[in-house]
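A short write-up of the structure that comes next.
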Amino acid sequence: MPTFILPLARKGLSVLALSMVGFAAAPANAASTDPAETIRPAASLEGNFLAAYIAGSARDTAAATVFFREAIQEDPRNQELLERGFVAFLGNGSMNEAYRAAERLAARDPSNNLAQFALAVRDLKERHYGDARAKIAGGKRDRQLDLTATLLTAWAYAGSKDGKRALATVDRLKSERAFNQFREYHAALISDVVGNSAEAEKRFKAAYDGERNTLQVVDAYARFLAKRGRRDEALALYKTFDDALPRHPVVRAAMETLKSGKPLAPVVTSAQDGAAELLYGLGVVGNTQGDELTAIIYLRLGLDLNPDHGLALVTLGDVYERLKQYDRANEVFARVPKDSPVRPSAEITIGQNLEMLGRGAEAEGHLSRLMKERPQDVEVVIALGNVQRSRKQFAEAAETYSKAIELIGTPDRGHWILFFYRGTSYERAKQWSKGEADLKTAMELVPDTLPQGKAQVLNYLAYSWVDQNTNIDEAFKMLTRAVELAPRDGMIIDSLGWAYYRMGRYDEAVRELEKAVELKAGDPVINDHLGDAYWRVGRKLEAKFQWNHAKDSNPEHEDLVKILKKIDNGLDDSKPAVEGEKPVSPPT
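Each residue of the sequence shown is one higher than the one before, starting from 0 at the first, in numbering that gives the first Met the number 0.
What follows is the structure, encoded as structure tokens:
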């Protein structure tokens, strides 16, 4: 799912966030729990602990929650079980269980940072602001220097209507330059909530001047100006952002509201909203820096304060997508409020994730329904075309992409990928003249600032020409250029190698295909191609090894039939070449 949010700070927060949370990050390989399966506890304490540990390592918090819950019931005094279960409960959004576990942990060890932090969030939610501040201060020494603790304390003062102490608390961070934008942004929000408009404007301006392409700052500052009748200035802020990062749904929705003369609500109106905004921002940083578990915990706590925070929900769903837990992502995206500007994109992503889950027919039906509801929404149409193309419904995909191209009218450079996808769909649907025209259009549109995208277009068009024995000289130049633009793309290097093969230049084919197989060792097409090239240069034992490797790498059924035949019989040496699939990796 497009990432809708820009980080408030680029560096310096990952270690800080993890020190606040106080647990080790899990391994990067993730698993996804099938929603159709019922997770049942194991029969023993040991079994539940091991199952919970494995699920936690895969960041499968739903399964970890089930197993830790059972294990804790069997051994309630086990401190390690309780600590690990607490993290799993938080990550799973099982907030009542998480808070009960936090109470027990804090009672045993008052310096437990994460337990005190979670309980402080609960106190903020319940408007027990003094208790919240006490719990934040109850962790280890020097925590007042911590960004999260300091700003959360400031929001607790704001909840108590003590704006002076709230701002003084925020300004303790002045010595930390990496936190400048976070500090000024939250100082502005706090000033606005406590009614200090002059200070709020000064702080908003400082945050905006520090980084003008940060969505949260632009949106909150513009809403602040609009509330004071300065609608033209607010529109100018949004317009500047839209020029730099076009078509953001939050910005476009706000601009339409302002132009219609309707009021724009502030981003934050209470201490609870402000603390949720802080936790959301930290979740964004964690997600950006690859600290998924930290991001999930911040976002879950923030959503407990403000369950309807659309951007926080989108970010949490994005984290689950990164972990390939598409079912969990869809659960989160479905929670995005219907009136949120990001709801349409969340609905589109639900359909895309259904395809990733192998539920292609359901994905197509979901997106078809959205298309009927929003026939002018080009993003829905493109998403439907992508699902059809993934399902190898190439003629249908081309027709769907044509509807999208009709909707956009005059294309700009940002639409190159749409012509590329329609062109490849036409080619796979055996409508080459239409495909060639679209690929040439994509070539004209794709900007030089996207070298990987340009390499993909060069690759597909040039290979198609070589495959048809036309425009050979130009095709070789294009493939050579594609490899220069994407020297680590094994699929593109395979295209160049296979082009050499089709022209009978077998030694050069081997050279390039060996490079390609080093980069994508498990790709069945590349291994098949290298086997063919080895056979042509007389390295027949190595050829059979590569074909066997291709056979074991899950090739398409049509390719598997050909590979098995070659393993048994080799190649017909009377023929200079064999037909092969056109290798294409999707643009980024």
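Glycine residues also receive a C-beta, built at the ideal position from the N, C-alpha and C atoms.
Tell me which residue opens and which closes the alpha helix (DSSP H) that residue i is part of.
i	result
residue 67	60–73
residue 414	First-last for residue 414: undefined, no H or E at that position.
residue 314	309–321
residue 364	359–372
residue 160	Here residue 160 belongs to no alpha helix (DSSP H), and DSSP marks it neither H nor E.
residue 393	393–407
residue 179	179–192
residue 513	505–518
residue 556	556–568
residue 451	450–466
residue 536	Counting along the chain, residue 536 falls outside any alpha helix (DSSP H), and DSSP gives it neither H nor E.
residue 124	112–124
residue 95	94–107
residue 215	214–226
residue 342	342–355
residue 491	489–501
residue 250	248–258
residue 305	First-last for residue 305: undefined, no H or E at that position.
residue 43	No alpha helix (DSSP H) holds residue 43; DSSP gives it neither H nor E.
Counting C-beta neighbours from all protein chains within 10 Å, is the total for residue i 16 or more, i.e. buried, or is it exposed?
i	result
residue 554	buried
residue 440	buried
residue 375	exposed
residue 147	buried
residue 141	Annotation note: pLDDT 47 at residue 141 (below 50); position unreliable, coordinate value reported separately. Residue 141 should be labelled exposed.
residue 381	buried
residue 280	buried
residue 190	buried
residue 536	exposed
residue 33	The predicted position of residue 33 is uncertain, since its pLDDT is 42 and thus under 50; no value can be drawn from it.
residue 168	buried
residue 268	exposed
residue 476	exposed
residue 605	Here the chain has residues from 0 to 587 only, and residue 605 is not among them.
residue 193	buried
residue 418	buried
residue 149	buried
residue 357	exposed
residue 432	exposed
residue 503	exposed
residue 567	exposed
residue 264	exposed
residue 212	exposed
residue 572	exposed
residue 262	exposed
Could you say which of the options lies nearest to residue i if we only look at CA atoms?
i	options	result
residue 145	161, 130, 357 and 113	113
residue 294	198, 240, 283 and 507	283
residue 88	303, 386 and 372	303
residue 524	272, 491, 250 and 247	491
residue 224	202, 242 and 511	202
residue 299	536, 158 and 319	319
residue 200	184, 215, 212 and 210	184
residue 368	343, 430 and 390	343
residue 327	46, 48 and 61	61
residue 316	337, 305 and 346	346
residue 453	130, 231, 232 and 486	486
residue 538	76, 505 and 217	505
residue 111	130, 127, 85 and 94	85
residue 438	427, 428, 451 and 422	422
residue 254	414, 435, 217 and 288	217
Is residue i near the ligand MN, in the sense that its beta carbon is under 7 Å from a heavy atom of that ligand?
i	result
residue 92	As far as ligands go, the structure on display features none, and thus does not contain the ligand MN.
If contacts are defined as beta-carbon pairs under 8 Å, then residue i and residue j qualify, I think. What distance do you get, rounded to the angstrom?
i	j	result
residue 70	residue 44	6 Å
residue 384	residue 365	In fact, because the Cβ distance is near 14 Å, the residues do not count as touching under 8 Å.
residue 339	residue 309	4 Å
residue 209	residue 180	5 Å
residue 83	residue 51	7 Å
residue 526	residue 552	6 Å
residue 352	residue 314	Contact doesn't hold; Cβ gap of about 15 Å is too wide.
residue 277	residue 151	6 Å
residue 274	residue 120	7 Å
residue 444	residue 412	5 Å
residue 58	residue 322	5 Å
residue 377	residue 403	5 Å
residue 214	residue 233	Incorrect: roughly 14 Å between the Cβ atoms, too far for contact.
residue 123	residue 270	6 Å
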